[in-house]
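Enquirer: Protein chains in written order, with the working numbering: chain A, 1 to 410; chain B, 1 to 410. The beta-carbon is built from N, C-alpha and C at its ideal position, and this holds for glycine as well. Here the structure is a predicted model, which means the values were calculated and not measured. Handing you this structure, nothing more for now.
There are 2 protein chains.
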Amino acid sequence: MNIVYNEITGGVCAAAGFKAYGMHAGFRKNTSKLDLAMIVADKPCTAAGVYTKNKVFAAPVGVTRGHLANGIAQAVICNSGNANACTPDGYETAEASCKAVSAVTGIPAEDVIVASTGVIGVSLPLQPLTDALPGLYSALEANENGADLAAQAIMTTDTKKKEFALSYEFGGKTIHIGGMCKGSGMIHPNMGTMLGFITTDAAVSSALLDKALHAAIEDSFNMVSVDGDTSTNDMVCVMASGYAGNDEIHSEGDAYAAFAGALHTLCMKMAQAIAADGEGATKFLKCEVTGAATKEDARILSKSVIASSLVKTAMYGADANWGRVICALGYSGVDIDMKTIDISFSSEAGSIDVCKDGGTLLFDEDIAKKILLCDSVTIHCNMHAGEFSATAFGCDLSYEYVRINGDYRS
Amino acid sequence: MNIVYNEITGGVCAAAGFKAYGMHAGFRKNTSKLDLAMIVADKPCTAAGVYTKNKVFAAPVGVTRGHLANGIAQAVICNSGNANACTPDGYETAEASCKAVSAVTGIPAEDVIVASTGVIGVSLPLQPLTDALPGLYSALEANENGADLAAQAIMTTDTKKKEFALSYEFGGKTIHIGGMCKGSGMIHPNMGTMLGFITTDAAVSSALLDKALHAAIEDSFNMVSVDGDTSTNDMVCVMASGYAGNDEIHSEGDAYAAFAGALHTLCMKMAQAIAADGEGATKFLKCEVTGAATKEDARILSKSVIASSLVKTAMYGADANWGRVICALGYSGVDIDMKTIDISFSSEAGSIDVCKDGGTLLFDEDIAKKILLCDSVTIHCNMHAGEFSATAFGCDLSYEYVRINGDYRS
Numbered sequence: 001m002n003i004v005y006n007e008i009t010g011g012v013c014a015a016a017g018f019k020a021y022g023m024h025a026g027f028r029k030n031t032s033k034l035d036l037a038m039i040v041a042d043k044p045c046t047a048a049g050v051y052t053k054n055k056v057f058a059a060p061v062g063v064t065r066g067h068l069a070n071g072i073a074q075a076v077i078c079n080s081g082n083a084n085a086c087t088p089d090g091y092e093t094a095e096a097s098c099k100a101v102s103a104v105t106g107i108p109a110e111d112v113i114v115a116s117t118g119v120i121g122v123s124l125p126l127q128p129l130t131d132a133l134p135g136l137y138s139a140l141e142a143n144e145n146g147a148d149l150a151a152q153a154i155m156t157t158d159t160k161k162k163e164f165a166l167s168y169e170f171g172g173k174t175i176h177i178g179g180m181c182k183g184s185g186m187i188h189p190n191m192g193t194m195l196g197f198i199t200t201d202a203a204v205s206s207a208l209l210d211k212a213l214h215a216a217i218e219d220s221f222n223m224v225s226v227d228g229d230t231s232t233n234d235m236v237c238v239m240a241s242g243y244a245g246n247d248e249i250h251s252e253g254d255a256y257a258a259f260a261g262a263l264h265t266l267c268m269k270m271a272q273a274i275a276a277d278g279e280g281a282t283k284f285l286k287c288e289v290t291g292a293a294t295k296e297d298a299r300i301l302s303k304s305v306i307a308s309s310l311v312k313t314a315m316y317g318a319d320a321n322w323g324r325v326i327c328a329l330g331y332s333g334v335d336i337d338m339k340t341i342d343i344s345f346s347s348e349a350g351s352i353d354v355c356k357d358g359g360t361l362l363f364d365e366d367i368a369k370k371i372l373l374c375d376s377v378t379i380h381c382n383m384h385a386g387e388f389s390a391t392a393f394g395c396d397l398s399y400e401y402v403r404i405n406g407d408y409r410s
Numbered sequence: 001m002n003i004v005y006n007e008i009t010g011g012v013c014a015a016a017g018f019k020a021y022g023m024h025a026g027f028r029k030n031t032s033k034l035d036l037a038m039i040v041a042d043k044p045c046t047a048a049g050v051y052t053k054n055k056v057f058a059a060p061v062g063v064t065r066g067h068l069a070n071g072i073a074q075a076v077i078c079n080s081g082n083a084n085a086c087t088p089d090g091y092e093t094a095e096a097s098c099k100a101v102s103a104v105t106g107i108p109a110e111d112v113i114v115a116s117t118g119v120i121g122v123s124l125p126l127q128p129l130t131d132a133l134p135g136l137y138s139a140l141e142a143n144e145n146g147a148d149l150a151a152q153a154i155m156t157t158d159t160k161k162k163e164f165a166l167s168y169e170f171g172g173k174t175i176h177i178g179g180m181c182k183g184s185g186m187i188h189p190n191m192g193t194m195l196g197f198i199t200t201d202a203a204v205s206s207a208l209l210d211k212a213l214h215a216a217i218e219d220s221f222n223m224v225s226v227d228g229d230t231s232t233n234d235m236v237c238v239m240a241s242g243y244a245g246n247d248e249i250h251s252e253g254d255a256y257a258a259f260a261g262a263l264h265t266l267c268m269k270m271a272q273a274i275a276a277d278g279e280g281a282t283k284f285l286k287c288e289v290t291g292a293a294t295k296e297d298a299r300i301l302s303k304s305v306i307a308s309s310l311v312k313t314a315m316y317g318a319d320a321n322w323g324r325v326i327c328a329l330g331y332s333g334v335d336i337d338m339k340t341i342d343i344s345f346s347s348e349a350g351s352i353d354v355c356k357d358g359g360t361l362l363f364d365e366d367i368a369k370k371i372l373l374c375d376s377v378t379i380h381c382n383m384h385a386g387e388f389s390a391t392a393f394g395c396d397l398s399y400e401y402v403r404i405n406g407d408y409r410s
């Protein structure tokens, strides 16, 4: 089976049956910053979600988990500027937000996905939402492609809006899948909130949608997001309208594989865009671990390197300080043999081996500098301990990170 | 039993039987930076060590572990500027360093503690050591208190030398204990190398010395150093000369308790000095977790908060962003109930409650700002889940950290 996934435009509106829009509702003071996004499907969709593993999770995460329990959703409402987390009235407000959407759209409140991102511990006011909703919904109805504005409205410290879409052919049908996401705050990959919303016109049962989403997340968002080290508000949701006209996918045959591949490809694009847009980042980093004894080892090792602040600052300084890389492999918790580790750096400027069998190699510092000065750098670690590999995504750590996070609430 | 521990001067020379010295030997280019420290006891001492848990450990860690296996040591040799880690000739060089010390001092090579700190992956040259040793040893012999220079010589990015000493009375004898340490690099507490060397004139069996050291480390260095997240070179060693004339401590009675208390007090001072001197730090942070279900939970929770880059940058900005504190508690891995957590901030300017029962409290931002602008800030988290508490030590995260670590090798 050889499926070609074509990159297309349209974001969350690329798939048939979905409209979206974004506007400034007033959750933020800055009136030029959009802060409320909405996605509406013109009929109930099968749906699935993946949520933060943080024991402290925001009200909208709890509410959405409940709403998606039956595998059905028809709309997304998401504000930025306030996380609706750790406040006494959080659940009430999140439920009231869904009811307000219901009042305007006619969609049952329990089919609304609600999400928030922003400051923790400040009550989310309902008024900006209720005031904005009629206008937001009219604009959404009137526009074929408001996906761009919706993608802008969920941004916080993101410097770039993140939306992607793909199409592919299967069984004589053209299937579309699109998504938008937000996230940065990458000193640890993933301490800032990550949100992802995906729409598709494939017909997929909610059980298989759930399965495909979990699989896609594993290699993508979870390789930016260190497991267990997630924000209070993280979630990724997918809705499937079925308008593509394919036979509903409800078992794991070729049709499922083709769809799962599309979802995986889309999630990889979204996750890498998040990593590259880390707060204050000047370059995109990948850590590719090969030769690990297990898949889980490979994941842990690559995430340990990509999360190391000392590795990140070295990359910011274009300093081929591989000692920090091997140190991060060493404290990852994986049982490794330092004597079999090889390390190299690569980018579009070339590739250079810096460590062989756990020991130093003589290498040309000028060539290393040239490689590390590129916008996108890959750190390769071959453990020579088995056949498994994994890649984690991140970014460097700059002065700018500190500025952004030193006074985020102001 | 009520023992008073008096702070005294003298560092590692405060205890009878020890001399120390530091000089520039040439491991660093900057000739004004001391880079070689030596401590010599005038007779074999009982001794114990605690070492990095990193799977990738430097040669001197392996060599010292071997030398201390019999619980006896008589000298410490430590260079800064080069970690002697991950090089093909590391063990050979570390062993040769001990032999060079033996040749000059007459102390058996296997009674020498060897340590290094600095860049990983660059071969440590032996020549600077062999050239410097005769002069270093003469100067050490001729000076009653070279402790200060020794403490300077082990510094890397430390901005302050760190030495402390205590005395106490027990059973009619006066016992002295002193130590020097180095460490910073505190974006994660403990990613930079931490070294500690302690001397005492108490008579203590090596078994009890080992027990007391492990106990002291647990609340001190390990609460700066997140377990498992340690550098390749970390070690803390203690030597006991017995010159105080007390009956040798070889069981856990009052004499042991008094000595263990002194060692604990000294290690707490050293660890807090390391935390306060984090790279680029502008303030010292403590996170005090109370009401945890277990001691281990309390340790993990407090370290999770103190290691959070988002908490650290918030503290740098004097921003009472307690949402980041509760978020760090939430992803710590401990099973917590967010609904019972109280959080407050305190400093010499006062104390302020910011979160009650996991939810926001209305508080005066100006008062909070005043509290957080102090040089030393404590974050209190009461989990209301049990009776256990723990305190972790760290510092804020500033622009300066990035500058220091962006080009460390240059």
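(1) Using a Cβ-Cβ distance cut-off of 7 Å, determine whether Asn84(B) contacts chain A.
(2) Provide the residue(s) that pair with Met235(A) in DSSP beta bridges, ordered along the chain.
(3) Under 7 Å, Cβ to Cβ, is there at least one residue of chain A near Gly394(B)?
(4) What residue from Val104(B), Ala96(B), Ile175(B) and Ala207(B) has the CA that sits closest to Leu68(B)'s CA?
(5) Does any C-beta atom of chain A lie closer than 7 Å to the C-beta of Asn233(B)?
(6) Across which residues does DSSP place Leu36(B) in a beta bridge pair?
(7) Helix, strand or coil: how does DSSP classify Leu397(A) here?
(8) For Asp335(A), which residues in chain B fall below 8 Å Cβ to Cβ?
(9) Name the chain A residues that come within less than 8 Å of Val119(B), Cβ to Cβ?
(10) Which residue from Leu140(B), Glu7(B) and Gly358(B) puts its Cα closest to that of Gly178(B)?
(11) Is Pro44(B) helix, strand or coil when you go by DSSP?
(12) If you follow the alpha helix (DSSP H) that Thr105(A) is in, where does it begin and where does it stop?
(13) To the nearest angstrom, report how far apart Asp396(B) and Leu397(A) are at their CA atoms.
(14) May I have the straight-line CA-CA distance separating Met155(B) from Val56(A), to the nearest angstrom?
(15) Using the three-state DSSP reduction, which class does Gly172(A) fall into: helix, strand or coil?
(16) Please classify Phe363(A): does DSSP put it in a helix, a strand, or coil?
(17) At a CB-CB cut-off below 7 Å, which residues of chain A make contact with Tyr51(B)?
(18) With a cut-off of 7 Å, does the C-beta of Gly11(A) fall near any C-beta of chain B?
(19) Looking at Val122(A) and Ala82(A), is the spacing between their C-beta atoms short of 7 Å?
(20) How is the beta strand (DSSP E) around Ala207(B) delimited, first residue to last?
(21) Using C-beta distances below 7 Å, list every residue in its chain close to Ser332(A), excluding the 5 sequence neighbours before and after it, in chain order.
(22) How would you list, in chain order, the residues of chain B whose beta-carbon sits under 8 Å from the beta-carbon of Val3(A)?
(23) According to DSSP, simplified to helix, strand and coil, what is Leu133(B)?
(24) Return no unless some Cβ of chain A is closer than 7 Å to the Cβ of Met338(B).
(25) In chain A, which residues lie less than 7 Å from Pro88(B) when you measure between Cβ atoms?
(26) Do you know offhand how far Met180(B)'s Cα is from Gly90(B)'s?
(27) Tell me which residues of the segment 377-390 of chain B have at least one Cβ-Cβ distance to chain A shorter than 8 Å, keeping chain order.
(28) Should Val354(A) and Ala320(A) be called a contact, given that it needs their Cβ atoms to be closer than 7 Å?
(29) Would you report the Cα separation of Thr294(A) and Thr340(A), rounded to the nearest angstrom?
(30) Using DSSP with H/G/I as helix, E/B as strand and the rest coil, what is Glu288(A)?
(31) Give me, in chain order, the residues of the same chain whose beta-carbon lies closer than 6 Å to that of Gly26(B); leave out the 5 immediate sequence neighbours on both sides.
(32) Show which residues of chain A have a CB atom less than 9 Å away from the CB atom of Val224(B).
(33) Measure from the C-beta of Met186(A) to each C-beta in chain B and report whether the shortest distance is under 7 Å.
(34) Please list the residues of the segment 235-256 of chain A that have a C-beta atom closer than 9 Å to any C-beta atom in chain B, keeping them in chain order.
(35) Quick test of your reading: Gly22(A) and Ala150(A), contact by CB under 8 Å. State the CB separation rounded to the nearest angstrom.
(36) To the nearest angstrom, how far is it from the Cα of Phe345(B) to the Cα of Ala240(B)?
Expert: If we stick to the structure as given:
(1) Here residue 84(B) corresponds to residue number 84 of the second sequence, with the count starting at 1. Cβ-Cβ to chain A under 7 Å: no for Asn84(B).
(2) Counting from 1 along the first sequence, the entry for residue 235(A) is found at position 235. Tyr51(A) and Leu195(A).
(3) Here residue 394(B) refers to the residue found at position 394 of the second sequence. Output row for Gly394(B): interface = no.
(4) Indexing the second sequence from 1 puts residue 68(B) at position 68. When each option's Cα is compared against that of Leu68(B), the closest is Ala207(B).
(5) Residue mapping note: residue 233(B) aligns to position 233 of the second sequence, counting from 1. Closer than 7 Å: no.
(6) Locating residue 36(B) in the second sequence gives position 36, counting from the first residue. Leu36(B) pairs with Met23(B) and Asn79(B).
(7) Within the first sequence, numbered from 1, the residue matching residue 397(A) stands at position 397. Three-state result, Leu397(A): coil.
(8) Taking the first sequence and counting its residues from 1, the one referred to as residue 335(A) is at position 335. Near Asp335(A) (Cβ distances below 8 Å), the residues of chain B are Lys55.
(9) Locating residue 119(B) in the second sequence gives position 119, where the first residue counts as 1. Those are Asn321 and Gly323, listed as they occur along chain A.
(10) Counted from its first residue, the second sequence places residue 178(B) at position 178. Nearest of Leu140(B), Glu7(B) and Gly358(B) to Gly178(B), Cα basis: Glu7(B).
(11) The sequence position of residue 44(B) within the second sequence is 44, counting from 1. Here Pro44(B) sits in strand by DSSP.
(12) The count along the first sequence starts at 1 and reaches residue 105(A) at position 105. Here the alpha helix (DSSP H) through Thr105(A) covers Gly90 to Thr105.
(13) In the second sequence, residue 396(B) corresponds to position 396, counting from 1. In the first sequence, residue 397(A) corresponds to position 397, counting from 1. Distance between the alpha carbons of Asp396(B) and Leu397(A): 16 Å.
(14) Indexing the second sequence from 1 puts residue 155(B) at position 155. Indexing the first sequence from 1 puts residue 56(A) at position 56. Approximately 40 Å, taken between the alpha carbons.
(15) Numbered from 1 along the first sequence, position 172 holds the residue referred to as residue 172(A). If DSSP states are grouped into helix, strand and coil, Gly172(A) belongs with coil.
(16) Locating residue 363(A) in the first sequence gives position 363, where the first residue counts as 1. It is coil, neither helix nor strand.
(17) In the second sequence, the residue the question calls residue 51(B) occupies position 51. In chain order: nothing, as chain A lies at least about 13 Å away.
(18) Against the first sequence, residue 11(A) aligns to sequence position 11. Output row for Gly11(A): interface = no.
(19) Numbered from 1 along the first sequence, position 82 holds the residue referred to as residue 82(A). Numbered from 1 along the first sequence, position 122 holds the residue referred to as residue 122(A). Reading off the sequence shown, one finds Asn at residue 82(A), where the question assumed Ala. Yes, these two residues count as a Cβ contact at 7 Å.
(20) Taking the first residue of the second sequence as 1, we reach residue 207(B) at position 207. Looking at the DSSP string, Ala207(B) is not in any beta strand (DSSP E); the run it does join, the alpha helix (DSSP H), is Ser206 to Asp219.
(21) By 1-based counting over the first sequence, the position of residue 332(A) is 332. Contacts found: Ile300, Leu301 and Ser304.
(22) In the first sequence, counting from the first residue as 1, residue 3(A) sits at position 3. Contrary to the premise, residue 3(A) reads as Ile rather than Val in this sequence. By Cβ distance, chain B contributes nothing, its closest Cβ being about 37 Å from Ile3(A), past 8 Å.
(23) Stepping through the second sequence from its first residue, residue 133(B) is reached at position 133. Correct three-state label for Leu133(B): helix.
(24) As a first step, residue 338(B) must be located in the second sequence, where it is residue number 338. It does; some Cβ of chain A falls within 7 Å.
(25) For the purposes of this step, residue 88(B) is taken as the residue at position 88 of the second sequence. Simply Gly359.
(26) Within the second sequence, numbered from 1, the residue matching residue 180(B) stands at position 180. Within the second sequence, numbered from 1, the residue matching residue 90(B) stands at position 90. Cα to Cα, the separation comes out at about 25 Å.
(27) none
(28) Working through the first sequence from its first residue, we reach residue 354(A) at position 354. Working through the first sequence from its first residue, we reach residue 320(A) at position 320. Taking 7 Å as the Cβ cut-off, Val354(A) and Ala320(A) qualify as a contacting pair.
(29) One-based indexing of the first sequence puts residue 294(A) at position 294. One-based indexing of the first sequence puts residue 340(A) at position 340. Distance between the alpha carbons of Thr294(A) and Thr340(A): 16 Å.
(30) Here residue 288(A) refers to the residue found at position 288 of the first sequence. Residue state, collapsed to three classes: strand.
(31) Translated into positions along the second sequence, residue 26(B) becomes position 26. The residues are Pro128.
(32) By 1-based counting over the second sequence, the position of residue 224(B) is 224. Neighbours of Val224(B) on chain A: none; closest Cβ ~15 Å, over 9 Å.
(33) Within the first sequence, numbered from 1, the residue matching residue 186(A) stands at position 186. Unreliable positioning characterises Met186(A) in this predicted model, as indicated by a pLDDT of 49, which lies under 50. The coordinate reading is nonetheless provided below. So no, Met186(A) is outside the interface.
(34) none
(35) As a first step, residue 22(A) is located in the first sequence; it is residue number 22 there, counting from the start. As a first step, residue 150(A) is located in the first sequence; it is residue number 150 there, counting from the start. The pair is a contact, with the Cβ atoms about 4 Å apart (cut-off 8 Å).
(36) Working through the second sequence from its first residue, we reach residue 345(B) at position 345. Working through the second sequence from its first residue, we reach residue 240(B) at position 240. Straight-line Cα distance between these residues: approximately 40 Å.
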